[in-house]
Amino acid sequence: MSRLVAYMGSDPERLRAALSDYHDLLVVGLKPPQRAEAGDTLASTGIGFYQGGEVLLQRRPRISGRSIDLFEDLKDLRTDTFLAQVRDAIEGRLAKNENTPPFRFRSWSMTHQGSMPSFDRMREELQRRIPDFLRRNIRGQTATEHLFHLFLSALHETGSGNVEDANLPPSEVLKALLQAWKNFAVIAQTQGVTDGLTEVQVALTNGRCLCVLRKGQEPLWLRRLGAVMDGGKSYDHFRGYLIMSGLEASAKDRGFEELPVDHALLIGRDLSAQILPV
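For my numbering, add 25 to where a residue sits in the sequence shown, where the first one is 1.
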């Protein structure tokens with residue numbers, strides 16, 4: 026199973042407390058091997074988190090076993106924003122560090138849930154649409170990394186300083202993401218690639234805003250977080266948001282709400298949130 030997780034909160038010291046009630050949901054089961062003699066399934070897990078305005082990455086590109094406990098990887102971090110993803114191996118590509126999401130460029134990081142087996146047919150054309158200074162940052166061979174750089178390209182096209190603008194309005198981030206996805210889909214169709222274009226989940230951030238996009242029927246779940254207990258003390262001021270894919274409908278019983286199909290969630294630095302149709 027693959028799972029995307031995104032988070033933004035008001036206090037970097039309270040991450041463990043904010044996630045503790047959802048520890049079981051952060052344990053991700055992996056698909057069994059297709060053949061008994063194939064051995065353990067290989068998967069990847071990656072976390073991009075922010076400290077001092079910089080995005081740091083923790084990647085484990087080759088994991089074998091039955092499950093991955095993201096809570097154990099996250100609980101000791103001190104951050105108010107992170108993206109995380111567990112992915113089953115796709116065509117062997119996620120066995121390398123450079124193919125393990127999230128991906129980053131300067132203060133931006135992004136991850137994307139979705140599979141595109143025919144991606145190789147469009148990779149060369151995608152790279153032609155990305156400016157040299159961004160293309161040089163591409164290290165791997167995944168659709169996610171190329172979509173991320175299309176987003177950065179779209180952002181750059183709206184203003185040469187937008188990639189560097191820490192206070193860019195979330196609405197501008199969404200506009201660039203939608204333009205990137207439109208460009209991606211057009212290139213895919215011109216190259217005869219149709220698989221992977223209907224089910225898309227994307228989360229991206231620069232540490233000061235968070236943009237999450239759902240297109241297609243695969244659900245994304247949002248939990249609005251309030252006061253937390255930590256060390257026997259209540260932190261009533263705490264606020265935050267936890268977004269996860271791959272949950273059952275029973276997540277509603279845990280306070281999660283489903284992000285509607287073809288909608289985006291925008292969270293600003295002040296932790297104001299909007300859910301908008303796209």
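Note that the Cβ used here is the ideal one computed from N, Cα and C, for glycine as well.
Keep in mind the model is a prediction, meaning the values are calculated, not measured.
7 Å Cβ shell around residue i - same chain, five flanking residues per side excluded
i	result
residue 147	212, 213, 216, 218
residue 233	191, 192, 294
residue 177	130, 133, 159, 188
CB contact flag (residue i, residue j, <8 Å)
i	j	result
residue 241	residue 225	yes
residue 237	residue 268	yes
residue 199	residue 108	no
residue 35	residue 105	yes
residue 121	residue 184	no
residue 37	residue 71	no
residue 124	residue 167	yes
residue 103	residue 255	no
residue 161	residue 27	no
Beta-carbon contacts of residue i that lie in its chain and below 6 Å, excluding the five residues immediately before and after
i	result
residue 179	201, 204, 205
residue 210	222
Residue i, buried or exposed, once every other Cβ within 10 Å from all chains shown has been counted against 16
i	result
residue 265	buried
residue 301	exposed
residue 137	buried
residue 262	exposed
residue 110	buried
residue 278	exposed
residue 170	buried
residue 194	exposed
residue 73	buried
residue 230	buried
residue 69	buried
residue 44	buried
residue 139	buried
Neighbourhood of residue i by C-beta, 8 Å cutoff - its chain only, sequence neighbours within 5 removed
i	result
residue 286	239, 240, 241, 242
residue 284	237, 239, 244, 245, 246, 247, 268, 290, 300
residue 163	152, 155, 170, 171, 174
Beta strand (DSSP E) runs contained entirely in the region 84–154, provided each spans 3 or more residues: Runs of the beta strand (DSSP E) inside the region 84–154: 92–94, 106–113, 128–130, 133–138.
I want to know whether the region 42–55 touches the region 258–272 - three or more CB-CB distances under 8 Å. For the pair of segments examined, the region 42–55 was found to touch the region 258–272: the number of CB pairs separated by less than 8 Å reaches three.
Spell out a yes or no on whether the region 243–261 and the region 90–108 are touching, meaning 3 or more CB-CB pairs, one atom from each, closer than 8 Å. No, the region 243–261 does not touch the region 90–108.
Under 8 Å, with one C-beta from each stretch per pair, do the region 151–163 and the region 101–116 reach the 3-pair mark? Result no; under three Cβ-Cβ pairs closer than 8 Å.
Beta strand (DSSP E) runs wholly inside the region 163–228, at least 3 long, in chain order: When DSSP assignments are scanned along the region 163–228, no uninterrupted stretch of beta strand (DSSP E) that is 3 or more residues long falls wholly within it.
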